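J.: UniProt numbering puts the first residue of the sequence shown at 1, with every later residue one more than the last.
Positions of the beta carbon are idealized from the N, C-alpha and C atoms, including for glycine.
These figures come from a predicted structure and were not determined experimentally.
My structure is below; once you've seen it, I'll send some questions.
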Amino acid sequence: MTDLHRLSIRELSEGLKTAQFSSRELTEHYLKRIAHIDPKVKSYVTVTAEQALAEADAADAALKSGNAHALAGIPLAHKDIFCTQGIKTTAGSKMLDNFISPYDATVVAKAKAAGLVTLGKVNMDEFAMGSTSENSYVGATSNPWALDHVPGGSSGGSAAAVAADLAPIATGTDTGGSIRQPASFCGLTGLKPTYGRVSRFGMIAYASSLDQGGPMARSAEDCAYLMNVIAGHDAKDSTSINKEVDDYVANLNGTAVKGLRIGIPKQYFNVAGLDADVKARVEESLKKLEEMGAILVEIDLNMTEAYVPTYYLIAPAEASSNLSRFDGVRYGYRCENPVDLMDLYKRSRSEGFGAEVQRRILIGTYALSAGYYDAYYVKAQKVRRLIQQDFLKAFENVDVIAAPSAPTTAYKIGANLSPTEMYLGDIYTLAVNLAGLPAINAPVGFDKDSLPVGLQLIGNYWSESQLLSIVHQYQQNTDWHTKRAAIAEENA
Ligand code: GLN
Numbered sequence: 001m002t003d004l005h006r007l008s009i010r011e012l013s014e015g016l017k018t019a020q021f022s023s024r025e026l027t028e029h030y031l032k033r034i035a036h037i038d039p040k041v042k043s044y045v046t047v048t049a050e051q052a053l054a055e056a057d058a059a060d061a062a063l064k065s066g067n068a069h070a071l072a073g074i075p076l077a078h079k080d081i082f083c084t085q086g087i088k089t090t091a092g093s094k095m096l097d098n099f100i101s102p103y104d105a106t107v108v109a110k111a112k113a114a115g116l117v118t119l120g121k122v123n124m125d126e127f128a129m130g131s132t133s134e135n136s137y138v139g140a141t142s143n144p145w146a147l148d149h150v151p152g153g154s155s156g157g158s159a160a161a162v163a164a165d166l167a168p169i170a171t172g173t174d175t176g177g178s179i180r181q182p183a184s185f186c187g188l189t190g191l192k193p194t195y196g197r198v199s200r201f202g203m204i205a206y207a208s209s210l211d212q213g214g215p216m217a218r219s220a221e222d223c224a225y226l227m228n229v230i231a232g233h234d235a236k237d238s239t240s241i242n243k244e245v246d247d248y249v250a251n252l253n254g255t256a257v258k259g260l261r262i263g264i265p266k267q268y269f270n271v272a273g274l275d276a277d278v279k280a281r282v283e284e285s286l287k288k289l290e291e292m293g294a295i296l297v298e299i300d301l302n303m304t305e306a307y308v309p310t311y312y313l314i315a316p317a318e319a320s321s322n323l324s325r326f327d328g329v330r331y332g333y334r335c336e337n338p339v340d341l342m343d344l345y346k347r348s349r350s351e352g353f354g355a356e357v358q359r360r361i362l363i364g365t366y367a368l369s370a371g372y373y374d375a376y377y378v379k380a381q382k383v384r385r386l387i388q389q390d391f392l393k394a395f396e397n398v399d400v401i402a403a404p405s406a407p408t409t410a411y412k413i414g415a416n417l418s419p420t421e422m423y424l425g426d427i428y429t430l431a432v433n434l435a436g437l438p439a440i441n442a443p444v445g446f447d448k449d450s451l452p453v454g455l456q457l458i459g460n461y462w463s464e465s466q467l468l469s470i471v472h473q474y475q476q477n478t479d480w481h482t483k484r485a486a487i488a489e490e491n492a
């Protein structure tokens, strides 16, 4: 079969179960596509062909015996922030260029236990800091829809790999939008779960109170399949919540769109810098949901202006602490010929970290230093609570909240925005992480340059099933999620 890469996760699962094709054939098909097409997209940092084929054979044996998991034998790609035993995990940084983890992240272990086949590790902004994936030490990844554009970030490799049909599904992480924004830029569906739903164990930490892993795929249905595998309590992550996990696939039609109250925050649609095409596509998608029976309700989210400054204080503060472990002694990069311990620290960190990571370590260290701690960090924590309360108040009156995922479509590679311009592009995604809420991106059309536009739906805590269900039903009534970039149509 030449078009195995066009099948959904449900179709792949059925095809494998009924032996229409084997996991080995499917895996070889994807490896061949990666070899032929990825040199143009550059989504993979590491391709694990040998291991993938061994995992595929094991899955085929399990499928033959008849007691395989629903996803056994289906390939996936992991963001290079998830630790993988025996395979390099770089987090997009020279600092970890030679780092091989002695253990698997829980997300990786769960995927393996379900029989999913790891194709490899995909590119990202260094330590997940960025919105373009250009901050990776291995270089930029291309957006499959326009190769001179970025795929977004930080999970840009995950988004590009799926959008170019170089993996049917991928894992991503979202600290301030890194699943939703690249999903938006690449025309995919991506879910950022409630904080505590997916284990952070073995996921290299950026800002621990905000970080959350989740699925990136073509459709809500495909995301639901991967969520069923990766969600759940993990004693190895102290912030993991011990709460029953929904069957996200079984619930795909579980939420009534008829009568669903969708909040439209006034402030969100008046943001300076909101592209006219993005606004139009998002409004059209809301109109469609209205036709399907939803009720649009204008709401206020008065803290909107505080999102960017609050996040860009708290996230760097936590990052400066988390990244102190990379000191040239225990992990990763070590400078040549240090003259003493201080020199070893200084040069290893200056040479091992890229410019954006260093910028954030400096901002974070400053904000946490004696004398500034109360003025900046403590104040930001108080504002964070107000942002959360703003959402909780809104959820008293609406079921979900709608927004763009990003004010623009994908930037050109090398656009070289200033840090503040870049940070302002995160306006629609940051608050969700500050409040610990779940949110999803769904593709809803294209701008005048044929670049994808995304709709974001934000839910109350633990509403992952609801978000997936709403998007699934939207996708049953529209075909944006079925559109393929030209490069994905190429055969290997
Ligand atoms: N773009 C945001 C940042 O640079 C979010 C990144 C993320 O979610 N990891 O911090």
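Does F391 come out as helix, strand or coil in the three-state DSSP assignment?
T.: helix
J.: Using a Cβ-Cβ cutoff of less than 7 Å, which residues in the same chain neighbour A485 once the five nearest sequence positions on both sides are dropped?
T.: P144, W145, A163 and A164
J.: Return the first residue and the last residue of the alpha helix (DSSP H) that A276 is part of.
T.: A276 to E291
J.: Do you know whose CA, among F326, K32 and P309, lies nearest I387's CA?
T.: P309
J.: Can T173 be considered in contact with ligand 3, in the sense that its beta carbon sits closer than 7 Å to one or more heavy atoms?
T.: You won't find ligand 3 in this model; what it holds is ligand 1.
J.: L341 and V400 - do their beta-carbons sit closer together than 8 Å?
T.: Their beta carbons are not under 8 Å apart, which means V400 does not touch L341 by this criterion.
J.: For G152 and L323, I'd like the C-alpha separation in whole angstroms.
T.: 23 Å
J.: Starting from the Cα of G459, find the closest Cα among Y411, T478, E396 and L417 and give me that residue.
T.: The candidate whose alpha carbon is nearest that of G459 is E396.
J.: Quick one: using the 10 Å Cβ neighbour count with 16 as the cut-off for buried, is G259 buried or exposed?
T.: By the Cβ-count criterion, G259 is exposed, with fewer than 16 other Cβ atoms from all chains shown falling within 10 Å of its own Cβ.
J.: Apart from the five residues on each side of it in sequence, which residues of its chain come closer than 6 Å, Cβ to Cβ, to L31?
T.: A49
J.: Would V471 and V282 qualify as a contact pair, given that the criterion is a beta-carbon distance under 8 Å?
T.: no
J.: Please find out if some non-hydrogen atom of ligand 1 comes closer than 7 Å to the beta-carbon of Y206.
T.: yes
J.: Please state if the CB of K121 and the CB of T84 are separated by a distance shorter than 8 Å.
T.: yes
J.: If you reduce the DSSP assignment to three classes, tell me which class Q20 lands in.
T.: coil
J.: Whole angstroms is fine: what's the gap from T175's alpha carbon to A91's?
T.: Looking at the two C-alpha atoms, the distance is approximately 14 Å.
J.: Would you check whether ligand 1 has a heavy atom nearer than 7 Å to the C-beta of D80?
T.: Not so, every heavy atom of ligand 1 lies at least 7 Å from the Cβ.
J.: Around the C-beta of A59, are 16 or more other C-beta atoms found within 10 angstroms, so that it is buried, or is it exposed?
T.: buried
J.: Decide if R200 is buried, meaning its Cβ has at least 16 other Cβ atoms within 10 Å, or exposed.
T.: buried
J.: Are the beta-carbon atoms belonging to I264 and A402 less than 8 Å from one another?
T.: Remark: C-beta atoms of I264 and A402 approach each other more closely than 8 Å.
J.: Please confirm whether D300 and K279 have their CB atoms less than 8 Å apart.
T.: no
J.: Please name the residue, chosen from A276, T478, I100 and E490, that lies closest to K448 on a Cα-to-Cα basis.
T.: A276
J.: For A217, which of N491, H149, K483 and A492 has the nearest alpha-carbon?
T.: K483
J.: Can you list, in chain order, the stretches of the alpha helix (DSSP H) that have 4 or more residues and sit fully within the region 105 to 156?
T.: Listed in chain order, the complete alpha helix (DSSP H) runs (minimum 4 residues) inside the region 105 to 156 are 106 to 113.
J.: Report the start-end ranges of each alpha helix (DSSP H) in the region 372 to 424 that is 4 residues or longer and not cut off at the edges.
T.: 379 to 394 and 419 to 424
J.: Report, in whole angstroms, the separation of the C-beta atoms of N270 and Y248, which I expect to be a contact under 8 Å.
T.: So it is not a contact: roughly 34 Å between Cβ atoms.
J.: Near L417, what residues of its chain come up, given a Cβ to Cβ distance below 8 Å and the 5 sequence neighbours on each side ignored?
T.: Y411 and G425
J.: Give the range of the alpha helix (DSSP H) segment to which Q51 is assigned.
T.: A49 to S65
J.: Do you know offhand how far S23's Cα is from A56's?
T.: 5 Å
J.: Quick one: is T18 buried, meaning 16 or more other Cβ sit within 10 Å of its Cβ, or exposed?
T.: exposed
J.: Taking the beta strand (DSSP E) that P215 belongs to, which residues open and close that run?
T.: G213 to A217
J.: Check whether the region 220 to 240 touches the region 180 to 197, counting contact only when three or more Cβ pairs, one atom from each stretch, lie closer than 8 Å.
T.: yes
J.: Is M203 a contact residue of ligand 1, with contact defined as CB to any heavy atom under 7 Å?
T.: no
J.: Is M303 close to ligand 1? I mean its beta-carbon at under 7 Å from any heavy atom of the ligand.
T.: no
J.: Check whether the Cβ atoms of G371 and N98 lie closer than 8 Å to each other.
T.: No, these two residues do not count as a Cβ contact at 8 Å.
J.: For P419, does the count of other Cβ atoms within 10 angstroms reach 16, so buried, or fall short, so exposed?
T.: exposed
J.: Cα-Cα, which of D237, L12 and E305 is closest to V383?
T.: Of the candidates D237, L12 and E305, the one whose C-alpha sits nearest the C-alpha of V383 is E305.
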